[in-house]
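> Before we start, here is the structure in question, set down as structure tokens.
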Amino acid sequence: MAGCHARDMKWVALAAMVLAVQPAAASQDCTEDAIIVFDGSGSMSEMGFNRLDTPRIFEAREALHRIIPRIERLRRLGLTVYGPGAARDACESVTHHFPPTASAGARILSVIDELAPAGPTPLTRAVAEAAEALDYTRRPATVVLVTDGKETCGGATCQLAAHLAHEGVDLTVHVIGFKVRAEHFDWGRGVNVGAETAASCLAETTGGQYVPAETVDDLVAALSLTLGCPVYGASGPLQRKTPPG
């Protein structure tokens, strides 16, 4: 019983996190297409500092299997993956698997289930190409970037953010920082430095959300918040926004 109570309390905490940022999410009405930009770089196969944890990609797969079948009923989804690939320059390894499509859940899960993480992190290039695929200068759209780290291919992430905000027609980029690790511990200030991915500026500049996630439940809640249109509680049903009047 104590274990069940602890799980219930965790869901309450997750729901509170979602509701705390609900106003921004509630602006979505699910009429705009969305592309998930997924981190397939080598770091997604890491197991943590003690090498006893589950590889990040396993946890990401579990979270997607839990939430994508619910989200696919609400909006058209596309998928872009960066990291692995056959490009001569590894920093060009960005794969657009398919554009926003109705009932895309099975296709998304199939790609992620077969994904073998490898390569660097060209997240700036991936987000830029996803925005182009969404025709962001002509119509509203949403990009949700799931990443466990920082740009490693020299991309100017915050410059891209400013460009997308200036040129886009209501393009929103949400960023989910999944198990982002600090660069080092600052003993003088007593804090971890660099524990938030620099890609957070993509969200800040385009009016999106930056959501940190450490566990499978956190990632489910983060995907619900950024794609759920909106979500009223992390464990409750996803609902379409009711048009006014």
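Going by mature numbering (1 follows the signal peptide of the UniProt record, and there is no 0), the letters in the sequence shown line up with residues -26 to -1, 1 to 219, in that order. C-beta atoms are modelled at their ideal positions from N, C-alpha and C, and glycine is treated no differently. From a predicted model like this one, the values you see are computed outputs, not experimental measurements.
DSSP three-state label for LEU176, please.
Helix at LEU176.
> Could you give the first and the last residue of the continuous alpha helix (DSSP H) run that contains GLY79?
Element bounds for GLY79: 79 to 88.
> For ILE82, count the other beta carbons within 10 Å of its own beta carbon; 16 or more makes it buried, fewer makes it exposed. Which is it?
Buried, because 16 or more other Cβ atoms sit within 10 Å of the Cβ of ILE82.
> Indicate the three-state DSSP secondary structure (helix, strand or coil) for VAL68 in the structure shown.
If DSSP states are grouped into helix, strand and coil, VAL68 belongs with the strands.
> State the CB to CB distance for the pair ASP13 and ASP122, rounded to an integer number of angstroms; the pair is presumed to be in contact (CB under 8 angstroms).
At roughly 6 angstroms, the Cβ-Cβ gap stays under 8 angstroms, so ASP13 and ASP122 are in contact.
> How would you label THR5, buried or exposed, when you count the other beta carbons within 10 angstroms and need 16 or more for buried?
THR5 is exposed by the Cβ-count criterion.
> How many angstroms separate the CA atom of PRO73 from the CA atom of TYR56?
So the two alpha carbons sit approximately 15 angstroms from each other.
> Should VAL149 and GLU103 be called a contact, given that it needs their Cβ atoms to be closer than 8 angstroms?
No.
> Around the Cβ of residue 223, are there at least 16 other Cβ atoms within 10 angstroms (buried) or fewer (exposed)?
Nothing about residue 223 can be read from this structure; the chain reaches only from -26 to 219.
> Give a yes or no on contact between the segment 34 to 45 and the segment 129 to 142, applying the rule of three or more CB pairs nearer than 8 angstroms.
No, the segment 34 to 45 does not touch the segment 129 to 142.
> Among ALA136, SER198, LEU199, which one has its Cα closest to the Cα of ALA173?
Closest option to ALA173, Cα to Cα, is ALA136.
> Quick one: what does DSSP say ASP191 is sitting in, helix, strand or coil?
Here ASP191 sits in helix by DSSP.
> State the Cα-Cα distance for the pair GLY129 and ALA115, rounded to the nearest angstrom.
Approximately 22 angstroms between the Cα atoms of the pair.
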